[in-house]
Amino acid sequence: MSRRSTGGLGAGTALSGGVGGAAALEPLVEQVLAGLAAGAARRGGPVPAADPAELAEVAAAVFGHRADLRADRGDHRTDHQADLRADHRVGYEAVDQAAGGEPDALLRLTEFLAYGSADPAEPACAAHLHCPPLAVAVAADLAVNALNPSLDSWDQAPVATTLETTLVGELAALVGFPAEQAAGVLTSGGTESNLMGLMLARDQILPTDVELDGLPSGLRPVIVASEAAHFSVQRAAALLGLGERAVRPVPVDRELRMDPAALAEVLAETTEEGGTPIAVVATAGTTDTGAVDPLHRAADLAAEYGTWLHVDAAYGGGALLSPKLAPLLAGIDRADSVSLDFHKLGWQPTAAGVFLVRRAASYASLTRRAVYLNPEDDELAGYPSLLGRSLRTTRRADAFKLAVTLRTLGHSGLGELVDTCHGLALAAAEAVAAEPALELHCPPILTTVVFRYRPMGGDPAEADRCNAELRRVLLRTGQAVVGRTELPGRGPGRVRLKLTLLNPHTSPAALAGLLAAVVAAGRAVEA
């Protein structure tokens, strides 16, 4: 774009909105797409073949405009590191920003970002609950980025405000909440959603206005959650002023599912010791095994003790889209609040978290009046506000990409993707069980497979070392991104590997190749 068309400013100052925004974006988007393709081709796999120090040095030079990427420097530690520097030396020389900047920065830096990324669209990138986003969702998010609505007031996001309210109602119905009573908000993910659920639990269960006066003296609030609950539960307890020790862990079975008898015992012990249970946190889809806690029993016990039930379905909530897997979450409709993440089993770009409450009245302690955002006379005149639905003020219109995806594919289309990934997990588990060098921990529940490489000999500490190191070998060589976890308990022998299968385009051949790479890396570590 010319200087004239931007009011005398430089070409890089064109705006993304307005009538001319699309024209300004078009050539830039073409550069981004070209950079993404070139970077992925240059990477040639799920992750760049480099260790963290090597890649960080190159990245610092590329983004810091340093001109010291010379392969003939005398401080190279390995030939591989020299090759890596040499590979990126050309085209990344320092630029005199005072002289006008770098006109092709977008193309070249996008290429480097793509090269240096762990790409979840690659079948061998299977470590985390980090999905490859659908192209339609990414395209929809471009519109949000261009228009830049913020949902802290209606006059910054007129249609986006209505869209989020409508989508929240649709998702509340998916969970089984009564649409006329439920409420919710789009969040940054399960950590924020869990914090909100536990904050509202604290404010609803404790007998005073905690949000105004602080924690009452003489009370000992307790949160009850399984040993396999997400670490954000402890973090939330700390942020809420309860302390991490306020979280009472409940034992789990081999699949990491909460033991319902143990839950009853912990609740009874808590009250006998003078504690006040403010929440039971049930997990619908543990991070490692995908286990779903016994939701009906958790709801029964929460009701018996007069406490709040929060269901963390950040992972497993996507199973509600699958008629085949939805029964695993039976009882979720009895929760007081629920966390969902559609950037996991929903194939959305990060972030696409959702927080839902059964009763909108539960939001009372979050209500805020800011005269410059939601004055009362505006609301009385029919201008709605979502300010009291979120912990955040400035907030993106993340509902748009999810709404577009749901309209494009429908619940059934997304459900098919869930079923496909579940089928991949079953196939991977079968392949693990058939390989003598591998040991399956438990059958898949959702889309994760927990297993380990079985080294020669039976020393548990050596097995832990071997599995931890083979994963790093796969990373350093750019072959695969495999997850690592540890089973509950104490002592050696608990390290496990994990495949988190969220790419519905993964083939059986790709799975076989991934497991073969794990075995080969394990044997190399043992050698």
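The numbers in the working numbering rise by one with no breaks, and the one at position 125 of the sequence shown is 746.
Even glycine gets a Cβ: it sits at the ideal position worked out from N, Cα and C.
Note that the structure is predicted; figures quoted are calculated from it, not measured.
query                                                                                                                                                                                                  : result
Please go through the same chain and pick out, in chain order, the residues whose beta-carbon is closer than 6 angstroms to the beta-carbon of Pro1081, but skip the five residues on each side of it. : Pro1113, Gly1114
Within 10 angstroms of its Cβ, does Arg1117 collect 16 or more other Cβ (buried), or is it exposed?                                                                                                    : buried
Any heavy atom of the ligand FMN inside 7 angstroms of the beta-carbon of Pro870?                                                                                                                      : Although the ligand FMN was asked about, the structure shown includes no ligands whatsoever.
Where do the N-terminal and C-terminal ends of the beta strand (DSSP E) with Arg1117 fall, by residue?                                                                                                 : 1116–1121
Identify every residue that forms a DSSP beta bridge with Leu1059.                                                                                                                                     : Tyr1074
Enumerate, from N- to C-terminal direction, the unbroken beta strand (DSSP E) stretches of 3 or more residues contained entirely within the region 1008–1057.                                          : none
If I measure Cβ to Cβ from Glu732 and keep anything under 6 angstroms in the same chain, skipping five residues before and after, which residues do I get?                                             : Gly656, Ala659, Gly660
Ordered along the chain, which non-local residues of its own chain (more than five positions away) have a Cβ less than 8 angstroms from that of Val650?                                                : Leu763
If you draw a straight line from the C-alpha of Pro669 to the C-alpha of Leu1096, how long is it?                                                                                                      : 8 angstroms
Keeping to the same chain, check which residues put their C-beta closer than 7 angstroms to that of Thr1121; ignore five residues upstream and five downstream.                                        : Ala747, Ala748, His749, Leu750, Thr1068, Thr1069, Gly1104
Under DSSP, the beta strand (DSSP E) around Ser960 begins and ends at which residues?                                                                                                                  : 958–962
So is Ser1033 buried or exposed if we call it buried at 16+ other beta carbons inside 10 Å?                                                                                                            : exposed
Please determine if the region 1029–1043 and the region 807–818 are in contact, where contact requires at least 3 C-beta pairs separated by less than 8 angstroms.                                     : no
Around the C-beta of Leu772, are 16 or more other C-beta atoms found within 10 angstroms, so that it is buried, or is it exposed?                                                                      : buried
Report buried or exposed for Val769, applying the criterion of at least 16 other Cβ atoms within 10 angstroms of its Cβ.                                                                               : The sequence given here places Asn at residue 769; Val does not occur at that position. Its Cβ having fewer than 16 others within 10 Å, Asn769 is exposed.
What span of residues does the beta strand (DSSP E) with Ile844 cover, start to end?                                                                                                                   : 842–847
I need the DSSP call for Arg694, collapsed to helix, strand or coil.                                                                                                                                   : Caution is warranted here: a pLDDT of 36 is assigned to Arg694, below 50, making its placement in the model unreliable, and the coordinate value is therefore given only provisionally. The answer is coil: DSSP assigns Arg694 none of H, G, I, E or B.
So for Phe733, helix, strand or coil by DSSP?                                                                                                                                                          : helix
For Ala947, which option in Val806, Glu723, Leu636, Val796 has the closest C-alpha, if you only look at C-alpha atoms?                                                                                 : Val796
Under 8 angstroms by Cβ, that's how I've got Leu1132 and Ala1020 pegged, so tell me the actual separation to the nearest angstrom.                                                                     : No, Leu1132 and Ala1020 are not in contact; Cβ-Cβ is about 34 angstroms, not under 8 angstroms.
If we ignore side chains and look at the alpha-carbon of each, how far apart do Gln855 and Pro898 end up?                                                                                              : 15 angstroms
Using C-beta distances below 6 angstroms, list every residue in its chain close to Thr808, excluding the 5 sequence neighbours before and after it, in chain order.                                    : Ser814, Gly974, Phe976
So is Gln802 buried or exposed if we call it buried at 16+ other beta carbons inside 10 Å?                                                                                                             : exposed
Using the beta-carbon count (16 or more within 10 Å), is Val640 buried or exposed?                                                                                                                     : exposed
Less than 8 angstroms between the C-beta atoms of Glu1083 and Val1140, yes or no?                                                                                                                      : no
Quick check: what's the CA-CA separation for Gln825 versus Pro837?                                                                                                                                     : 14 angstroms
Secondary structure at Thr904, three-state DSSP: helix, strand or coil?                                                                                                                                : strand
Would you kindly report the start and end of the unbroken alpha helix (DSSP H) that includes His1126?                                                                                                  : Taken as a continuous stretch (DSSP letters only), His1126 belongs to no alpha helix (DSSP H), as it is neither H nor E.
Using the rule of at least 16 other Cβ atoms within 10 Å of the residue's Cβ for burial, across every protein chain shown, is Leu863 buried or exposed?                                                : buried
Do the region 997–1011 and the region 933–946 touch if we need at least three Cβ pairs shorter than 8 angstroms?                                                                                       : no
With distance defined between alpha-carbon atoms, name the residue in Arg1017, Gly911, Ile844 nearest to Trp775.                                                                                       : Arg1017
Could you check how far apart the C-beta atoms of Val845 and Leu821 are, in whole angstroms? I think they sit under 8 angstroms.                                                                       : Not a contact, Cβ separation roughly 16 angstroms.
Tell me which same chain residues have a C-beta within less than 7 angstroms of the C-beta of Glu832, skipping the five on either side of it?                                                          : Asp824, Ser986
Please check the pair Ala867 and Thr904, which I expect to be a contact at CB under 8 angstroms, by giving their CB distance rounded to whole angstroms.                                               : Their Cβ separation, rounded to whole angstroms, is 18 angstroms, which puts Ala867 and Thr904 out of contact at 8 angstroms.
On the DSSP letters alone, give me the boundaries of the alpha helix (DSSP H) that His917 sits inside.                                                                                                 : 916–925
Could you check which residue in Pro1125, Ala645, Leu877 has the C-alpha nearest to that of Gly1110?                                                                                                   : Leu877
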